[in-house]
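The numbers in UniProt numbering rise by one with no breaks, and the one at position 209 of the sequence shown is 209. Cβ coordinates follow ideal geometry from the N, Cα and C atoms, glycine included. Since this is a predicted model, take the numbers as computed values, not measurements. Working notes, structure below.
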Amino acid sequence: MNLMASNDEAMVRNVLRVNRKVALQQLHDAAQLGDIVSVQAIFEGHNELSVNETRKGKNTILHTALFHNQEGILLDYLIQKGADVNCANSKGLTPLVVAIIYCKEGKAIEKLTAAGAIYDLAIETGSFQGMFLLDVAKKYKNENAISRLKYLFDRKDAEKDVLLKDKVPRGRAICPICNQSVRYPTQMSRILDHQADVEKNFELYGEYGGKKKKQKIYTSRKYLDQFLSHSNGEAYRKLCRIEFHATENMSLRKEISESYAVIEAVQKCCAKLSNLPEQVGGTFELRNIFLIDLCSGKGITSALGAALYPERNFFLSIDKMLPHTVPHHFFNDEQHVSYISRDILCEEVFHELEKLVHQQTYVEGRTAILVGMHLCGVLSERAIDFFERISAIRGIVLSPCCLPKKHELKTLHFNPAHKEKGCDPYPNGAII
Numbered sequence: 001m002n003l004m005a006s007n008d009e010a011m012v013r014n015v016l017r018v019n020r021k022v023a024l025q026q027l028h029d030a031a032q033l034g035d036i037v038s039v040q041a042i043f044e045g046h047n048e049l050s051v052n053e054t055r056k057g058k059n060t061i062l063h064t065a066l067f068h069n070q071e072g073i074l075l076d077y078l079i080q081k082g083a084d085v086n087c088a089n090s091k092g093l094t095p096l097v098v099a100i101i102y103c104k105e106g107k108a109i110e111k112l113t114a115a116g117a118i119y120d121l122a123i124e125t126g127s128f129q130g131m132f133l134l135d136v137a138k139k140y141k142n143e144n145a146i147s148r149l150k151y152l153f154d155r156k157d158a159e160k161d162v163l164l165k166d167k168v169p170r171g172r173a174i175c176p177i178c179n180q181s182v183r184y185p186t187q188m189s190r191i192l193d194h195q196a197d198v199e200k201n202f203e204l205y206g207e208y209g210g211k212k213k214k215q216k217i218y219t220s221r222k223y224l225d226q227f228l229s230h231s232n233g234e235a236y237r238k239l240c241r242i243e244f245h246a247t248e249n250m251s252l253r254k255e256i257s258e259s260y261a262v263i264e265a266v267q268k269c270c271a272k273l274s275n276l277p278e279q280v281g282g283t284f285e286l287r288n289i290f291l292i293d294l295c296s297g298k299g300i301t302s303a304l305g306a307a308l309y310p311e312r313n314f315f316l317s318i319d320k321m322l323p324h325t326v327p328h329h330f331f332n333d334e335q336h337v338s339y340i341s342r343d344i345l346c347e348e349v350f351h352e353l354e355k356l357v358h359q360q361t362y363v364e365g366r367t368a369i370l371v372g373m374h375l376c377g378v379l380s381e382r383a384i385d386f387f388e389r390i391s392a393i394r395g396i397v398l399s400p401c402c403l404p405k406k407h408e409l410k411t412l413h414f415n416p417a418h419k420e421k422g423c424d425p426y427p428n429g430a431i432i
């Protein structure tokens with residue numbers, strides 16, 4: 001008796017299994033045709049079936065519908081019934097990927113993303129592994145998908161900006177280039193106020209002004225005044241913009257004075273090359289100059305030169321600092337400034353610089369001048385090496401900060417024989 005009951009139960013399970021398999025087949029057949037009436041009837045007659053049931057290839061009914069370009073009411077029904085919009089099949093294809101490939105009207109993409117389909121992460125498995133959905137849309141030339149995805153990304157960025165702005169405390173702002181919260185107004189824009197405070201303290205307390213600490217008044221303002229008054233302050237206002245926030249925590253007064261002195265030396269160098277009388281006092285001007293700033297740091301010299309003389313000149317800064325650590329003006333809309341991250345002691349840099357100089361001098365018609373402010377011993381010698389080997393560089397403005405260390409003495413321009421005789425071991429002086 002028990003044996004007969006067991007056989008009956010097995011037969012029932014087998015029938016149910018067959019019926020389930022047939023029903024699943026019928027579901028997918030109806031989904032291919034967009035037959036929503038049949039799909040609803042099968043689900044109502046087989047309560048055990050899940051909308052996320054998979055067949056061969058781990059395709060759900062949602063996959064099948066999208067494979068056959070079903071973007072209408074059937075898709076709405078499946079999403080409403082709880083279809084998993086992020087389920088990947090055996091080939092790593094999610095419903096959104098399938099929609100991008102097979103559904104060209106774009107309605108499916110809009111409905112799937114509205115239902116929570118992930119659109120901003122790289123595909124994890126399959127033949128599209130590592131690609132983003134926007135890359136897939138471009139690969140299959142689905143213009144509606146491209147447009148929709150770009151809209152979603154723009155909206156997400158806008159929402160992110162709103163959230164960031166809501167959290168930004170007073171005295172800070174969001175840089176539109178790096179999207180970081182930075183101190184704003186920048187340190188550059190506070191130079192005038194700082195000078196006014198110092199002069200006020202000088203009037204109250206004498207030469208060493210200040211209540212909390214001794215602070216000697218800044219007496220040398222020759223270059224700073226020229227900078228602030230140039231073009232009615234236009235150059236100064238330009239350097240006060242938020243993209244120069246990377247210059248925070250720098251001694252900007254000193255940097256500006258040094259950079260202005262370098263630019264003045266470049267102007268004098270050009271005057272000598274052109275056999276022109278040296279300009280005494282007043283402002284000076286640069287024309288058709290290719291200025292190469294070695295070991296430029298934050299690029300204040302290039303920034304200052306580009307702000308003062310934006311026309312017909314080109315300013316190149318070279319330093320080991322990574323590009324994201326220098327002011328954004330190098331990579332924004334400026335067409336006459338550039339920055340390259342290089343170690344100038346590498347020989348490859350010589351060949352690269354030689355090509356750049358050739359382009360700027362022989363093709364663009366500019367005069368190449370090499371500058372180096374506060375270069376240490378071996379770096380100063382490298383600057384002299386560039387000047388000697390690249391004939392198109394017409395002048396050099398060099399202000400070394402020190403001589404080479406003892407273990408660095410066997411360099412290009414050090415003559416040990418001269419030192420033994422009591423002569424200057426550096427016979428080739430730099431133009432300063």
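Measure from the alpha carbon of residue i to the alpha carbon of each residue in the options, then state which is nearest.
{"i": "K355", "options": "H324, V337, L379 and I393", "result": "I393"}
{"i": "P404", "options": "S391, G297 and L375", "result": "L375"}
{"i": "S338", "options": "H351, I318 and L345", "result": "I318"}
{"i": "S399", "options": "R389, R382, S391 and I390", "result": "R382"}
{"i": "D343", "options": "P310, S296 and P327", "result": "S296"}
{"i": "S274", "options": "T367, E243, T325 and A137", "result": "T367"}
{"i": "V136", "options": "R172, V98, C346 and A117", "result": "V98"}
{"i": "V349", "options": "N179, L27 and L294", "result": "L294"}
{"i": "residue 436", "options": "K56, A115 and G106", "result": "For the chain, the structure presents residues 1 to 432; residue 436 sits outside this window and is missing."}
{"i": "R172", "options": "I36, C178, Y184 and N179", "result": "Y184"}
{"i": "residue 435", "options": "N288, N52, E243 and E311", "result": "Here the chain covers residues 1 to 432 and nothing more, so residue 435 does not appear."}
{"i": "N313", "options": "L252, Q267, L152 and P169", "result": "Q267"}
{"i": "G106", "options": "K141, S231, S50 and K272", "result": "K141"}
{"i": "L335", "options": "A307, C346, L345 and K320", "result": "Residue identity differs from the one stated: residue 335 is Gln in this sequence, not Leu. For Q335, the nearest C-alpha among the options comes from A307."}
{"i": "L345", "options": "F386, S231, Y362 and V357", "result": "F386"}
{"i": "P310", "options": "Y205, R287, G395 and C240", "result": "R287"}
Per DSSP, residue i forms a beta bridge with which residues?
{"i": "I300", "result": "Answer is none; I300 lacks a bridge partner."}
{"i": "A392", "result": "Partner(s): none; A392 has no beta bridge."}
{"i": "I174", "result": "S181"}
{"i": "D319", "result": "S341"}
{"i": "V397", "result": "V371"}
{"i": "L294", "result": "I318"}
{"i": "I289", "result": "T367"}
Measuring straight from C-alpha to C-alpha, what distance separates residue i and residue j?
{"i": "residue 446", "j": "F67", "result": "The chain is shown only over 1 to 432; residue 446 falls outside these bounds and no answer can be derived."}
{"i": "H194", "j": "M188", "result": "10 Å"}
{"i": "G143", "j": "K91", "result": "For the record, residue 143 in the displayed sequence is Glu; it is not Gly. Distance between the alpha carbons of E143 and K91: 24 Å."}
{"i": "S229", "j": "K222", "result": "11 Å"}
{"i": "E48", "j": "N86", "result": "22 Å"}
{"i": "N59", "j": "D154", "result": "32 Å"}
{"i": "I217", "j": "E255", "result": "Note that I217 scores a pLDDT of 49, beneath 50, so its modelled location is shaky; the value from the coordinates is reported in the next line. Distance between the alpha carbons of I217 and E255: 17 Å."}
{"i": "G130", "j": "R148", "result": "21 Å"}
{"i": "G377", "j": "I384", "result": "11 Å"}
{"i": "A246", "j": "Q226", "result": "23 Å"}
{"i": "R389", "j": "E352", "result": "13 Å"}
{"i": "I42", "j": "H324", "result": "59 Å"}
{"i": "A30", "j": "K150", "result": "33 Å"}
{"i": "F290", "j": "K138", "result": "41 Å"}
{"i": "residue 504", "j": "T125", "result": "Nothing about residue 504 can be read from this structure; the chain reaches only from 1 to 432."}
{"i": "E234", "j": "S181", "result": "26 Å"}
{"i": "residue 465", "j": "L379", "result": "Because residue 465 is not part of the residues shown, which for the chain are 1 to 432, the question remains open."}
{"i": "I118", "j": "S38", "result": "30 Å"}
{"i": "L16", "j": "Q80", "result": "Caution is warranted here: a pLDDT of 43 is assigned to L16, below 50, making its placement in the model unreliable, and the coordinate value is therefore given only provisionally. L16 and Q80: Cα-Cα distance of roughly 27 Å."}
{"i": "T113", "j": "H28", "result": "23 Å"}
{"i": "K200", "j": "D120", "result": "56 Å"}
{"i": "A265", "j": "K156", "result": "50 Å"}
{"i": "P176", "j": "R170", "result": "17 Å"}
{"i": "T219", "j": "C240", "result": "Interpretation of T219 is limited by its pLDDT of 47, a score under 50 that renders its predicted location unreliable; no figure is taken from the coordinates."}
Considering only residues of the same chain and omitting the five flanking positions on each side of residue i, which have a CB-CB separation below 6 Å?
{"i": "I340", "result": "I318"}
{"i": "S259", "result": "I300, T301 and L304"}
{"i": "L62", "result": "L78, A83 and P95"}
{"i": "K320", "result": "D343"}
Counting only the same chain and skipping the five closest in sequence on each side, list residues whose C-beta sits under 8 Å from that of residue i.
{"i": "S127", "result": "K91 and G92"}
{"i": "S391", "result": "none"}
{"i": "L134", "result": "I146, L149, K150 and F153"}
Between residue i and the rest of its own chain, which residues show a CB-CB distance below 7 Å, the 5 nearest in sequence each way excluded?
{"i": "F132", "result": "A122"}
{"i": "L75", "result": "A65, A108 and K111"}
{"i": "N69", "result": "Y102 and C103"}
{"i": "I73", "result": "I36"}
{"i": "K298", "result": "A246, T247, M250, V326 and P327"}
{"i": "G34", "result": "Q70, G72 and L74"}
{"i": "K212", "result": "Since pLDDT at K212 reaches only 49, below the 50 mark, its modelled position is unreliable, and no value is offered."}
{"i": "G116", "result": "V85"}
{"i": "V262", "result": "T301, V371, M373 and V397"}
{"i": "Y236", "result": "F227 and L228"}
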